[in-house]
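The structure appears right after this line, and notes come after that.
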Amino acid sequence: MLHIIEDHNSPIYLIEIKQNNTINKSIRNKELLSSTLRKIEDRFIEGNGLAIIENDGLCIKHIDSDHKFIYFRGQKSYINGYHTLKFKIEQSTGSYNTFIGICSSDINLRQIMYHLTVVVGWFNTTEVWQHGRCIRNTKIQGSKNDEIKTNDIIQLIIDCENKQIELFHERTNKKHKVIVDSNQAPLPWKILLALRRKNDCVKILPNN
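In terms of my numbering, the sequence shown opens at residue 211 and continues consecutively.
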């Protein structure tokens, strides 16, 4: 905002510049929001049951009283490159009630299930589903510290070039890797999450 100050002893008007803090704060907030959104790799656009997708696709919540899996799929299709997505477990009623992984993008969401051949991912960090086959990590199974819990932050790394996905559990600082057979789960891939219990909730976080 400009204010013109008249100095009658001078033939030249002096201009005093005063900043409007409200406007500047609004601009900073918009810039911060824009920067945050640029760091968001993906967002959810569809679910196949009684659920809520909110916060512009960044948050999913199971609201069905029946204990059945509801699947959510991301907006982006991943066909090349290396991508990191960060999830916060806002609410979890059990470590084996949340599935995190990928699926082929051409599968109908109404038909999707974690044990299909086009799906690869994890329940907790000890149970992997890879093209319809369940693989349990008996070395860490039963360890309560390794279970995925409320407030945990999980990174899903999608490596299209090497045809693999990784799950990084930030609290335990442990990484788990699975090879994806692109003949069984053809590219492009989409992120796939499933929630089983009412009020279970997961949120996508911006990457640092």
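Every residue gets a Cβ at the ideal spot worked out from N, C-alpha and C, and that includes glycine.
With contacts defined as CB atoms closer than 9 Å, Ile270 and Leu403 qualify as a contacting pair. Contact between Phe309 and Phe333 is confirmed by a C-beta separation of about 6 Å, below the 8 Å threshold. Separation of His293 and Asp369 (C-alpha to C-alpha, rounded to the nearest whole angstrom) is 7 Å. The way I'd put it, the segment 335-347 doesn't touch the segment 253-271; fewer than three beta-carbon pairs between them come closer than 8 Å.
For Tyr292, the enclosing beta strand (DSSP E) covers residues 292-301. Secondary structure at Arg253: coil, using DSSP grouped into helix, strand and coil. For the pair Val328 and Pro396, the CB atoms are nearer than the 9 Å cut-off. Around the beta carbon of His325, a 10 Å sphere encloses fewer than 16 other beta carbons of the protein chains shown; the residue is thus reported as exposed.
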